[in-house]
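Enquirer:
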Amino acid sequence: MFTLIVLVFWANRLTAQVNAPKPFPDRIILNLAEDASTSLAVTWRTDLSITEGFCELQPMTPTRIDPANT
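For the numbering used here, add 3 to where a residue sits in the sequence shown, where the first one is 1.
#1: Near P28, what residues of its chain come up, given a Cβ to Cβ distance below 6 Å and the 5 sequence neighbours on each side ignored?
#2: Can you check which of these residues, A23, A44, A39, is closest to L33 by C-alpha distance?
#3: Going by DSSP, what residue range makes up the beta strand (DSSP E) through N22?
#4: Let me make sure I understand the geometry here. Which of F12, M4, P26 has the alpha-carbon closest to that of S52?
#5: From which residue to which residue does the beta strand (DSSP E) around D50 run?
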């Protein structure tokens, strides 16, 4: 039984990085800071070819924006 449990956990670790990092961000995560009412942190993964990261934000609007008329 112990051997079976060890094999299951070992096999799971082997497949943990099946998807290699790419230039396009993946695994995007919104992290809560110490005071979530005033700050948040965003993290993501890219490959080593990306030397600088940035994030584009758009403020929320109270009305629906129709892309056909903008």
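Where a beta carbon is used, it is the ideal one built from N, C-alpha and C, also for glycine.
Expert: This is what the structure holds:
#1: Counting from 1 along the sequence shown, the entry for residue 28 is found at position 25. Counting only Cβ-Cβ distances below 6 Å, and skipping sequence neighbours, we find W47, T49.
#2: Position 30 of the sequence shown, counted from the first residue, corresponds to residue 33. A check of alpha carbon separations from L33 across A23, A44, A39 identifies A44 as the nearest.
#3: Counting from one through the sequence shown, the residue named residue 22 turns up at place 19. Taken as a continuous stretch (DSSP letters only), N22 belongs to no beta strand (DSSP E), as it is neither H nor E.
#4: Locating residue 52 in the sequence shown gives position 49, where the first residue counts as 1. Of the candidates F12, M4, P26, the one whose C-alpha sits nearest the C-alpha of S52 is P26.
#5: For the purposes of this step, residue 50 is taken as the residue at position 47 of the sequence shown. Element bounds for D50: n/a, residue is neither H nor E.
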